[in-house]
Every structure is written in C-alpha cells, then in structure tokens.
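Residue numbers for the sequence shown follow the working numbering, beginning at 37 and rising by one.
Glycine is no exception: its CB is placed at the ideal position from the N, C-alpha and C atoms.
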Amino acid sequence: MYTDKMLRDDALKGRNIVVTGGGSGLGKAMTRYFLELGAKVAITSRNLEKLQNTAGELEQETGGTCLAVPCDVRHYDQVESMLQQVVSAFGKVDVLLNNAAGNFIAPTERLSANAFDTIIDIVLKGSKNCTLAFGKHWIAQKQDNTVVLNIVTTYSWTGSAYVVPSATAKAGVLAMTRSLAVEWAKYGIRFNAIAPGPFPTKGAWDRLLPGELREKFDLAKKVPLQRVGEHQELANLAAYLVSDFAAYLNGEVITIDGGEWLKGAGQFNILEKIPPEMWDMLEEMIRKNSGK
Ligand code: COA
37 MYTDKMLRDD ALKGRNIVVT GGGSGLGKAM TRYFLELGAK VAITSRNLEK
87 LQNTAGELEQ ETGGTCLAVP CDVRHYDQVE SMLQQVVSAF GKVDVLLNNA
137 AGNFIAPTER LSANAFDTII DIVLKGSKNC TLAFGKHWIA QKQDNTVVLN
187 IVTTYSWTGS AYVVPSATAK AGVLAMTRSL AVEWAKYGIR FNAIAPGPFP
237 TKGAWDRLLP GELREKFDLA KKVPLQRVGE HQELANLAAY LVSDFAAYLN
287 GEVITIDGGE WLKGAGQFNI LEKIPPEMWD MLEEMIRKNS GK
C-alpha cells in the first residue's frame, strides 16, 4: 500500500523537470516517478558516469526521457550552463527540484571552516544558484506556470545538534522558499518545500548512521507510526507538488515523517513509555491529590 502510485499516468505529461542530485537516493526515486508520469527529466550531479548509468536505467525501466547533465551546483557558471543544456535538449524547463545536498554527522568544534563551508555551499548556495538562474530565465522568457520544489528537513525549523552546517543551510533554503513564494508569484513561479523524515538511502545512512550506529539508533523507533518512509510515498508527494493539481499551493512546507519531529517536541510525549496498566494507579493518585 505504501508503494502504491498516486497520480494518473499522464499527470506530468509535457512537463520538463530538472532534479539536482538525481543520480541516486531520493532524487533518483522522485525522477523515476516523474518519468512514469510522462515528464522529461534532466538529472544533475558532479558524477557524470553515475548520472549516465541512472539515466539509462530509468529510461529502460519507464520508457521515458532522462538526460544526464554534469553540474556542481556550488558554481553559478556550471548551473547556467546546465540550464542552457536542458533548454537546448527539451525546448523548455518547467520545474526545478532542489534536491542535491551534502551532510555528515560531526561535533561542530571538530569541523574545519572549509568543512562547514562545504555543506553550506552545496545546500544553501547550490539551491540559491539554481533558483536564481532558473528564476531569471523564466522571468526573462515570460514563462509562467513554473515550479521550484525544495527538499529541506524538519530540523530546518527545530535546528539539530551534530549536523549544524546542514541545519543552518536548510533553514536558509526554507526562508528562501517562503520569501520567493511571495515575491515571484507575480511571475507565475510557485515555491514549496518537502521536509522528509527518515527515508533510508545508502548515501544518507552511510553519512548519518555509519557502522554500528545503525543498530544503536533504530530511526523507526523514533517515529510514532513506527516505520521509516517508502521512497514512493515521498515521490507521490513530490509529483503532486510539482503537478498542476497543486496550482494553489504556494510557500508551503509539507512534512512527511510519520510524526517524528513532533514526537521529539511535545513536552509530555515521553509518557508513551508508561505501560497501560499503570494508568489506573496514576489516575487514582491524581484524583486523590485533587480531592476528587
Ligand atoms: N568530519 C569532519 N570533516 C569532514 C568530514 C567528516 N566526516 N567529511 C569531510 N570533511 C571535511 C573535509 O576534511 C574538508 O575539510 P578540509 O579541507 O578543511 O580538510 C571538507 O569537509 C570538504 O570535504 P571534501 O571531501 O573536500 O568535500 P567534497 O565536496 O568532495 O564532499 C561531502 C562533500 C563531504 C559533503 C561529501 O560527503 C559528499 O560529496 N556528499 C554528497 C552526498 C551527500 O552528502 N548527500 C547527503 C546525504 S544526507
């Protein structure tokens, strides 16, 4: 059920989409579904060989058109050139999915200035570079009905220890999403964000839960729904948000985490640990103390 596909087959027909970081992980999962729904998709990353393998595999699997374009989103000139290549190949581009990210766990005092910069450059500067280049292009072309979808995280607003550069950068991406949703609405550009909870991928898990940490910190246990997400569930949401069905959705961040971040936030959520049979005794104590 969690892997069921949500939209009708031609829901993205005629839409051309760029997915940064589309060569693997969640970017690849979203790309696969966009292709299945009839979109043409260009995937970008630093690793051309990986991109070409993914593009070939997904074209075979879906019968769609997937273009591999090398681009390091940290460099504005590379982003501009990537955009030109996609426009030359597809004629136009309608959707930008800022999915490329960099992250690893570390106590902040162990980070070099360059390590901190590297994450900010990929996540915040990379999203900015793509958004600015695509936005300028759409505005100059007077092309409306365009969409920017940003992948953020629930710690964009809570912050998080041990991933401080990522938290700092993702908070910026969320601010950019909400700011430009207002400023560029007049150009027909919609901005939304998705904040995914745990959706296991090799890239993220190797960096965020290396080795034994994976057994020690079972992320499914942190989730009220007691499971991690299926990639298709994220792909369903992303496809909806970039489709015309979401034409009135602008400036929103949608969390898809099974309730994970709220579980960590609610003051008394910890009472979940109390066994059901103990509640009779607790109720009695409370009533007695309040004289009822
Ligand atoms: N702990 C502390 N510092 C680290 C580190 C770690 N685990 N990994 C890298 N760094 C430091 C490096 O030492 C370097 O700093 P220095 O020059 O002062 O020594 C700096 O970070 C940049 O690392 P480098 O490997 O040169 O950068 P890169 O651009 O090739 O790689 C990363 C970027 C580190 C984010 C790499 O993990 C990557 O390419 N990730 C892409 C995929 C990804 O992270 N996806 C997100 C999954 S959640």
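*Return the residue from the list Asp108, Val54, Phe70 that minimises the CA-CA distance to Glu97.*
Phe70
*Between Gly162 and the ligand COA, is the CB less than 6 Å from at least one heavy atom?*
Proximity of the beta carbon of Gly162 to the ligand COA is not indicated: no heavy atom of the ligand is located closer than 6 Å.
*asked:* Quick check: what's the CA-CA separation for Leu244 versus Asn139?
replied: 8 Å
*Beta-carbon separation (whole angstroms), Val109 vs Asn165, contact threshold 8 Å*: 6 Å
*Report whether the distance from the Cβ of Phe152 to the nearest heavy atom of the ligand COA is below 6 Å.*
no
*Would you report the Cα separation of Ala211 and Glu313, rounded to the nearest angstrom?*
46 Å
_Between the CA atoms of Arg82 and Thr90 - distance to the nearest angstrom_ = Straight-line spacing of the CA atoms in Thr90 and Arg82 works out to 13 Å.
_Taking its Cβ as the centre, do 16 or more other Cβ atoms sit within 10 Å of Asp293, making it buried, or is it exposed?_
Under this definition Asp293 is a buried residue.
*asked:* Shorter than 6 Å, the distance from the beta carbon of Ala70 to the closest heavy atom of the ligand COA, or not?
replied: Sequence inspection shows Phe at residue 70; the Ala mentioned does not correspond to that position. No, Cβ of Phe70 sits at least 6 Å from all heavy atoms of the ligand COA.
*For Arg68, which residues of its own chain have a beta-carbon under 6 Å away from its beta-carbon, when the five flanking residues on both sides are left out?*
Leu94
*asked:* I'd like to check one pair, Lys41 with Gly74: are the Cβ atoms closer than 7 Å?
replied: Between Gly74 and Lys41, the C-beta spacing is not below 7 Å.
*Could you say which of Glu308, Glu296, Ile158 lies nearest to Gly265 if we only look at CA atoms?*
Glu296
*In three-state terms, what does DSSP make of Arg214?*
helix
*Distance, Cα to Cα, Val199 vs Ala151?*
12 Å
_I'd like the ranges of any alpha helix (DSSP H) spanning at least 4 consecutive residues and lying wholly in the segment 56-87._
61-72
*Can you grab the Cα-Cα spacing for the pair Gly58 / Thr39, in whole Å?*
20 Å
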